[in-house]
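Going by the numbering used here, the sequence shown opens with residue 24, and the numbers climb by one from there. Comments concern the structure below.
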Amino acid sequence: MLLLDKVQKRQALSTDELRLLREAKLVEGRAPNIFVSAQVAAWTDDKARYIRNRGLDDGYYRELIVDYLKRYGQASRQDIDALLLPKLPDVLDATQQGHKIRNLMQAMRREGIIYREGGRSTAIWRLAMGQPLS
């Protein structure tokens, strides 16, 4: 129980402590961003915090971006940030959140879902041709 308390207070865990908690399936995430598992969250009636910490799958974030571009036709990086930042997991710091959005958009670009017009600082993102608009 003391180890779970350390996790909830976001205190550092030793490798052995982390291994012990993982084997018991009491924690999830990658060090140092460890959080209690869904099972523990259900026991402690802290399910909302679990979902905020775990985050949502990338498919959900991609869908938000595509829906935004279908509705408005284009988006700046600031628009995408405003759309996604409130939905990203609480365990990520600002730098990690920025990297998450950048990696997500680059993956979508490589897959031909979206494309960028303009330079990096003035880029406008659009839905690629062949993507359904409805």
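Every residue gets a Cβ at the ideal spot worked out from N, C-alpha and C, and that includes glycine.
Residues in the same chain with beta-carbon distance under 6 Å from residue i, minus the five sequence neighbours each way, listed in chain order, please.
{"i": "L26", "result": "E40 and L44"}
{"i": "G52", "result": "F58"}
Taking its Cβ as the centre, do 16 or more other Cβ atoms sit within 10 Å of residue i, making it buried, or is it exposed?
{"i": "L131", "result": "First, the residue type needs correcting, since residue 131 is Met and not Leu in the sequence shown. It is buried - the Cβ of M131 has at least 16 other Cβ atoms within 10 Å."}
{"i": "Y84", "result": "buried"}
{"i": "Y95", "result": "exposed"}
{"i": "A64", "result": "buried"}
{"i": "S144", "result": "exposed"}
{"i": "S99", "result": "exposed"}
{"i": "S37", "result": "exposed"}
Beta-carbon within less than 7 Å of residue i's beta-carbon, same chain only, minus the 5 sequence neighbours each way: which residues are those?
{"i": "Q97", "result": "I147, W148 and R149"}
{"i": "K123", "result": "L111 and L115"}
{"i": "S60", "result": "K48, L49, V50 and E51"}
{"i": "R33", "result": "none"}
What first and last residue would you give for the beta strand (DSSP E) that runs through residue i?
{"i": "R139", "result": "I137 to E140"}
{"i": "R149", "result": "I147 to L150"}
In the DSSP assignment, find the alpha helix (DSSP H) that holds residue i and state where it starts and stops.
{"i": "D104", "result": "R100 to L107"}
{"i": "K12", "result": "Not covered by the structure: residue 12. The range shown for the chain is 24 to 157."}
{"i": "V114", "result": "Looking at the DSSP string, V114 is not in any alpha helix (DSSP H), and its letter there is neither H nor E."}
{"i": "E87", "result": "The sequence given here places Leu at residue 87; Glu does not occur at that position. Segment D81 to Y95, the alpha helix (DSSP H) holding L87."}
Which residues in the same chain as residue i place their Cβ atom closer than 8 Å to its Cβ, once the five residues preceding and following it in sequence are excluded?
{"i": "L108", "result": "Q120 and I124"}
{"i": "G141", "result": "I147"}
Problem - Inside the region 38-78 only - beta strand (DSSP E) runs reaching at least 3 residues - result: none
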